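Participant: Anchor point for the sequence shown: position 539 equals 539 in the UniProt record's numbering, and the numbering is continuous, going up by one each time.
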Amino acid sequence: MAVSPCLSVNDQKKHWWLSNRKVVDKYIKDARSLIATHEQSEIVSALNLLDAALAISPRIEVALELKARSLLYLRRFKDVADLLQDYIPSLKMSGDDSGSVSSDNSSQHLSRERIKLLPSNNSSSDSPGRDPSFKCFSISELKKKVMAGLWKNCEKEGQWRCLVLGQACCHLGLMEDAMVLLQTGKRLASAAFRRESVCRSDDSFSFPNSITTLDISSATAPPSMPPRNPTFFSESENISQLLSHIKLLIRRRTAAIAALDAGLFSEAIRHFSKIVDGRRPAPQSFLAECYMQRAFAYKAAGRIAESISDCNKTLALDPTCIQALDTRASLLETIRCLPDCLHDLEHLKLLYNTILRDRKLPGPAWKRHYVRYREIPGKLCALTTKIQQLKQRVASGETGNVDYYALIGLRRGCSRSELDRAHLLLCLRHKPDKATNFIERCEFADERDLDSIKDRAKMSALLLYRLLQKGYSSVMSTIMDEEAAEKQRKKASAALQAAQAAAIQVQQTQHSNPKPEHEASPVSSCNNKSKNTTTNSNTNVFQGVFCRDLTVVGNLLSQVGFNRPLTVKYEALSC
């Protein structure tokens, strides 16, 4: 009896499915045994096996969970986010917002996404312009519904997505997403644990056996062996500690941004400093964002050197930060350091051109940006005009007129002690040897970027330190010139005052002792002699109080008109 070709095809499909299922199960079993060794090289080999299993069966849940947890154990947080990016809340919200914004062009997209299906039993033929045997729908709408269904089925399929993705988002700096995911995963895990504990009797009670990279041997153990109990509680405790740390960072950042918006710049700087100088390391992108916000606060408070330093740290952690480049360029333009400002603007222009060439913002899809793609062409045109203006200013010779007073944070006419104090504080803060100290309080998403971050931080700190030293020398020379000019002015004023005092004394002396030419009496000779004795203070003619008083009485008598000469023996008056 001949076999129908339809049955043979079904048998082949069934055989292919069974054989692939066995291969997938073998790959997963080998991957579990490799993960249980807790060695990185073995876990990398397990990842290769899991990739092969997912290539055969992309929707198998166990392989996805093992792969995600293995990547998390290897601290490859970006790969975890790329694997599960459809479940990131902020990315879903941005997708919904972009869909609502582009509602004007929805008709064009729908016209491309119409799919014709087989006729249904309840198909209506009320539309005259269409074929009633076909039905159309949109693929984008179907995708949204499917993703929503998958999100709702997360509680049934496994809450591991929320927990694993929440930890990865925390290490990537997506704090709000991490808090939402970890709280959801913790709630789902607690609900599943309660349901399992209610369903079991007292004799058969056991803890849930969740698959983790730290205790994967419990999943590979035979059924007769009881599962390890501390697995669930250790993971729950870690999640609780991580959640408390995330909430603390979010509270501090919220308070700092509120103070910055209210104009309380010192308060905002204090809150941001608590985050960046905390005892527990913070994620790399989160620290870069906090440094950028603190740079805004420093700029508003007039502390330009500190603001430039925070921009340098932001660019060391994230070289594609548009806000940091723009802020540092504006600060350098404020102090009229035009060559460095022009260098930053050229770098920003290159970044804009790269974005327009790639038709997307730099970084992965889940990275948070504070600029939209549609704003880039306008910003590029304005930036090109500004670069041309700065080049004209540099060509006209404005490169040497740097405002070092604003850089150091001093007023014009400050004293040498004020300059020394401000320079000492700036050197202690921005010394190139201490340029990489902030890296110790940073948790990196990829340790391979550590060397490049250190190099960028050292280079930018060295440029700022040289600028500060040049400013100190310039301001010190100005202060020394002012001090020398002040000394000259003091000497000139002292000489002028002495000359004026001498002239006044001479005038007073001449007024008190006139010289009449027609009188030649002994009294006049006596007056002349007394006048000579008063002008020459160093002579020893009159010594003693009595003799001086007697001479004054004689002068007064002669001035009044008593012209009777008084016989005075000067030999007897000498004491």
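By construction, the Cβ of each residue, glycine as well, lies at the ideal position given by its N, Cα and C atoms. Source: prediction; values computed, not measured.
Candidates R441, R69, H430, E61: which alpha carbon is nearest D277's?
Facilitator: R441
Participant: Could you tell me the distance, in whole angstroms, from the CA atom of M480 to the CA atom of A492?
Facilitator: 18 Å
Participant: For E486, does the three-state DSSP call read helix, strand or coil?
Facilitator: helix
Participant: Among C321, A46, L84, which has the Cα closest to the Cα of S70?
Facilitator: A46
Participant: Roughly how many angstroms separate the alpha carbons of L331 and D446, rounded to a whole number?
Facilitator: 31 Å
Participant: Got a sec, what are the start and stop residues for the alpha helix (DSSP H) residue 578 sits in?
Facilitator: Limits of the chain in this structure are 1 at one end and 575 at the other, which puts residue 578 out of reach.
Participant: My assumption, with CB atoms under 8 Å, is that G173 sits in contact with Q284. Please give the rounded CB distance.
Facilitator: Their Cβ separation, rounded to whole angstroms, is 6 Å, which keeps G173 and Q284 in contact under 8 Å.
Participant: Please state if the CB of I60 and the CB of N20 are separated by a distance shorter than 7 Å.
Facilitator: no
Participant: In three-state DSSP terms, what is P319?
Facilitator: coil
Participant: Do you know offhand how far K391's Cα is from D326's?
Facilitator: 17 Å
Participant: Run through DSSP, which three-state label would C337 get?
Facilitator: coil
Participant: According to DSSP, is E398 part of a helix, a strand, or is it coil?
Facilitator: coil
Participant: Which runs of the beta strand (DSSP E) fall wholly inside the segment 224–295 and span at least 3 residues, in chain order?
Facilitator: Runs of the beta strand (DSSP E) inside the segment 224–295: none found.
Participant: Would you mind stating whether R412 and Y405 have Cβ atoms separated by less than 7 Å?
Facilitator: yes
Participant: Terminal residues of the continuous alpha helix (DSSP H) containing F444?
Facilitator: It is not in any alpha helix (DSSP H) - F444 carries neither H nor E in the DSSP assignment.
Participant: Starting from the C-beta of T334, find all residues in its chain whose C-beta is less than 8 Å away, skip the five residues before and the five after it, and write them out in chain order.
Facilitator: Beyond the five residues adjoining it in sequence on each side, T334 comes within less than 8 Å, by CB distance, of I304, D403, A406 in the same chain, given in chain order.
Participant: Name the residue from P377, L338, Y370 whose alpha carbon lies nearest to the alpha carbon of T354.
Facilitator: P377
Participant: Cα separation between C427 and Y465?
Facilitator: 7 Å
Participant: Apart from the five residues on each side of it in sequence, which residues of its chain come closer than 8 Å, Cβ to Cβ, to S415?
Facilitator: Taken in chain order, the residues that qualify are I479.
Participant: Between which two residues does the alpha helix (DSSP H) containing F77 stretch?
Facilitator: 77–83
Participant: Does the structure place the segment 178–187 close enough to the segment 457–472 that three or more beta carbon pairs sit under 8 Å?
Facilitator: Judged by Cβ distances under 8 Å, the segment 457–472 makes no contact with the segment 178–187, as fewer than three pairs qualify.
Participant: For R194, does the count of other Cβ atoms within 10 angstroms reach 16, so buried, or fall short, so exposed?
Facilitator: exposed
Participant: Buried or exposed for N312, going by 16 or more other Cβ atoms inside 10 Å?
Facilitator: buried
Participant: Check each candidate in L74, S477, V62 and name the one with the smallest Cα separation from Q159.
Facilitator: V62
Participant: Nearest to R448 by alpha carbon, out of A52, K78, D25, A31?
Facilitator: K78
Participant: What's the gap between the Cα of D30 and the Cα of C169?
Facilitator: 29 Å
Participant: My understanding is that L34 touches I43, with C-beta atoms under 8 Å, so please give their C-beta distance in whole angstroms.
Facilitator: Going by Cβ atoms, the distance from L34 to I43 rounds to 7 Å, so yes, they are a contact pair.
Participant: Which ranges would you report for the alpha helix (DSSP H) in the segment 406–494 if only whole runs of at least 4 residues count?
Facilitator: 416–430
Participant: In this structure, how does DSSP classify E196 when only helix, strand and coil are distinguished?
Facilitator: helix
Participant: So what's residue 606 in DSSP terms, helix, strand or just coil?
Facilitator: Because the chain is modelled from 1 through 575, residue 606 falls outside the range shown and cannot be assessed.
Participant: Can you tell me whether E39 is helix, strand or coil according to DSSP?
Facilitator: coil
Participant: Reducing DSSP to helix, strand and coil, say where N532 ends up.
Facilitator: For N532, the predicted model reports a pLDDT of 49, less than 50, meaning its position is unreliable and no value from the coordinates is stated.
Participant: Return the chain-ordered list of same chain residues with a C-beta closer than 8 Å to the C-beta of L260, the five sequence neighbours on each side being excluded.
Facilitator: A268, Q293, F296, A297, A300
Participant: Note down, in chain order, each residue of its chain lying with its Cβ closer than 6 Å to the Cβ of L468, except the 5 sequence neighbours on either side.
Facilitator: L426
Participant: Is any beta-carbon of chain B found at less than 7 Å from that of A189?
Facilitator: Considering every chain present, this structure includes no chain B. It has just one protein chain.
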